[in-house]
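Residue numbers (the numbering used here), protein chains in the order written: chain A, 7 to 413; chain B, 3 to 248.
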């Protein structure tokens, strides 16, 4: 069982808050019956009750995966399980009280894993991770100025493949919307001088729950957002404590009612060859589906033929933190259709082509809403490359199937 | 000769003024109708969307905060969609749902529920986005209406062409037909105004129900019911993507 003192403290506070709120609601209801004029305290409690919101989901799923015995994963040294069953309780709780916003997303997981390959062949384990996925305290100093601190999965930008403008974490988690991207710890100040401009001051103070290949470095960024009629543009200069800096950027254009174009990237000052740039667009057909295409080039990406060499020679370690893609050039095509055939069936098909080693990743995300609370889902992931390729060196395939119940 | 020149200039001016006045009147009528459909300084309301597709009935409720054409809509029910958000700022539109790492840009054409696309929950800006030609007056449910043929000024609007009925006495749009570029009607809608709000010190009718009919593929009906409109100032931070609660 993986628990920490901090986690339990936060959970205890959370439970105490929920119980207090229940008492508040009960007290409010009984006081309404007894008195016609609410007291100041009752008004305050009512304000707290109205500012509280929650969304609680229960997620149960099974995963089957076929690991590859390759140079990157010899004898399944990465310990990729063949089978996994998991039950997750995911409450999202929030309280808005005047200028203060508080939110917390504790997670309770029950997980069983079984290995059929490599070093742990025949093993099986059960564990119960309990942790806080995200939490946030935000205070509105004025209508133009906000300050916050918390553990967030801080993401932005219009791209589907990844977010190359993000100096903290480029992985935007879109390959599997049921897996939550771990949060990192951030302090933020947000200044909104007008409806066109927003300036954010961001300090990434800790890696939080995110696993990184590299050592964590504190990173500071300023994010300038400019929005005009049917266009937006952002500039994100950032600096790490080790002296590395980048200038991120992204922009989008609503060309028409159906067509959106976007770009996103980052440039390390003085090293134009290491620029990361993504260009793309999405078109929504009259019948409903949206088709998106993106091309991504990362000057720092690895072009060595064998993917293992990218790790052995340390090329991956010099890339920006939490970069989910290793090579230089990629193409993405995505087909997304919500409410297919006038039903509650949603489908997303993603094809990612690694243009450097000619490997492919094909992802299918299928969701069916059984009723107002229950959703069935299947997420299929297949890699087609050789053992030396990026999409082929870890997994042949994985299938995740499950059900989500939202209270 | 000079007298004829003066007379010509006079008549030309009269004709020009007449045209300008007519154009201004049409713009005023459309603008007033737009206001009754949510194009205001700041308004909050609850919207319930019900879709009937074949025999399948589905409903969603939202809390909508609107300022002009900027909108923040949060899904309140059903539970599976609770916390989904739509943010429209200066014509740019984003969608967020719990589980996604970030809001994703979406187009106004993407379907919300039934026949309703995301663009349908936005306030109308027919006065600004469409060229209007006045047609012959018509009668809708016993009410005399001015009828306008609206043609999109550019390719950025939700609909290319709209035939729009505005009740003469109340100054509100009561019926609309929507056409594809090829001129085929694919959707129609009717509007009701059971609410009253105060604009510039005057009590004015305000949108309460929109019923959207699919005219092309099926007999599907989508109904948007708007409840409890409250006029209130909405600061810029309401529509700031950086502060969108996840």
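In this text, a Cβ means the ideal position worked out from N, Cα and C, and glycines have one as well. Because the structure is a prediction, the values reported are computed rather than measured.
Taking a contact to mean a Cβ-Cβ separation below 8 Å, would you say residue 296(A) touches residue 302(A) in this structure? Not a contact, by the Cβ cut-off of 8 Å.
Distance, residue 212(A) Cα to residue 152(B) Cα: 56 Å
Go ahead and pull the three-state DSSP assignment for residue 210(A). strand
Mind checking whether residue 98(B) and residue 84(B) have CB atoms under 8 Å apart? no
Which runs of the beta strand (DSSP E) fall wholly inside the stretch 295-335 of chain A and span at least 3 residues, in chain order? 296-304
Answer yes or no: does any C-beta atom of chain B fall closer than 8 Å to that of residue 69(A)? Using a Cβ-Cβ cut-off of 8 Å, residue 69(A) does not count as an interface residue toward chain B, since no Cβ of chain B sits closer than that to its own.
Nearest chain B C-beta to residue 387(A) closer than 8 Å, yes or no? no
Assuming residue 96(A) is part of the beta strand (DSSP E), what are its boundary residues? 89-103
With a threshold of 16 other CB atoms inside 10 Å of the CB of residue 423(A), please say whether the residue is buried or exposed. There is simply no residue 423(A) to check, as chain A begins at 7 and stops at 413 in what is shown.
Taking any Cβ of chain A, which residues in the stretch 95-110 of chain B have a Cβ under 7 Å from it, in chain order? 100, 101, 102, 103, 104, 107, 109 and 110
Can you say whether residue 242(B) is buried or exposed, counting buried as having 16 or more other CB atoms within 10 angstroms of its CB? buried
Interface positions of the stretch 158-172 of chain A facing chain D (Cβ-Cβ less than 9 Å), listed along the chain: Absence of chain D from the displayed structure is noted, the protein chains being A and B.
Backbone secondary structure at residue 29(B) - three-state DSSP: Here residue 29(B) sits in helix by DSSP.
Where the alpha helix (DSSP H) through residue 49(A) begins and ends: 46-57 is the extent of the alpha helix (DSSP H) around residue 49(A).
Own chain, CB closer than 6 Å to residue 339(A), minus 5 neighbours either side, in chain order: 299 and 357
With three or more beta-carbon pairs closer than 8 Å as the criterion, would you say the stretch 28-45 of chain B touches the stretch 128-142 of chain B? yes
Counting only the same chain and skipping the five closest in sequence on each side, list residues whose C-beta sits under 6 Å from that of residue 272(A). 170, 171, 252, 254 and 282
Taking 8 Å as the threshold (beta carbon to beta carbon), is residue 87(B) in contact with chain A? Not an interface residue.
Looking at the C-beta of residue 217(A), does it have a partner C-beta in chain B at a distance below 8 Å? no
Going along the chain, which residues of the stretch 86-119 of chain A sit with their C-beta nearer than 8 Å to a C-beta in chain B? 98, 100, 107 and 109
Can a CB atom of chain B be found closer than 8 Å to the CB of residue 238(A)? yes
Nonlocal neighbours in the same chain, by C-beta distance under 6 Å from residue 406(A), ignoring five residues either side: 67, 69 and 385
Only counting the same chain, and skipping five residues up and downstream in sequence, which positions put a Cβ closer than 6 Å to that of residue 380(A)? 411
Give the interface partners of residue 238(B) over in chain A, defined as CB-CB distance under 8 Å, in chain order. Annotation: Cβ neighbours of residue 238(B) in chain A (cutoff 8 Å, chain order): 149, 150, 198, 200 and 201.
Can you confirm whether the stretch 84-92 of chain A touches the stretch 45-56 of chain A when touching is taken to mean that 3 or more C-beta pairs between the two stretches lie within less than 8 Å? no
What separation, rounded to the nearest whole angstrom, lies between the Cα atoms of residue 196(B) and residue 145(B)? 16 Å
How would you list, in chain order, the residues of chain B whose beta-carbon sits under 9 Å from the beta-carbon of residue 260(A)? By Cβ distance, chain B contributes 93, 94, 95, 107, 109, 110 and 158.
Cβ pair count under 8 Å reaching 3, the stretch 259-277 of chain A against the stretch 188-200 of chain A: no
Rounded to a whole number of angstroms, what is the C-alpha to C-alpha distance between residue 140(A) and residue 190(B)? 45 Å
For residue 208(B), I'd like the list of residues in its chain whose CB is within less than 7 Å of its CB, leaving aside the five on either flank, ordered along the chain. Contacts found: 38, 195, 197, 198, 199 and 231.
From 45(B), 111(B), 40(B) and 188(B), residue whose alpha carbon lies closest to that of residue 159(B): 111(B)
Classify residue 204(A): buried if its beta carbon has 16 or more other beta carbons within 10 angstroms, exposed otherwise. buried
In this structure, how does DSSP classify residue 239(B) when only helix, strand and coil are distinguished? helix
Interface partners of residue 204(A) on chain B, CB under 7 Å: 242 and 244
Does the stretch 397-404 of chain A come within contact of the stretch 356-373 of chain A, defined as at least 3 CB pairs closer than 8 Å? yes
Between residue 378(A) and chain B, is any beta-carbon pair separated by less than 8 Å? Yes, residue 378(A) counts as interfacial toward chain B.
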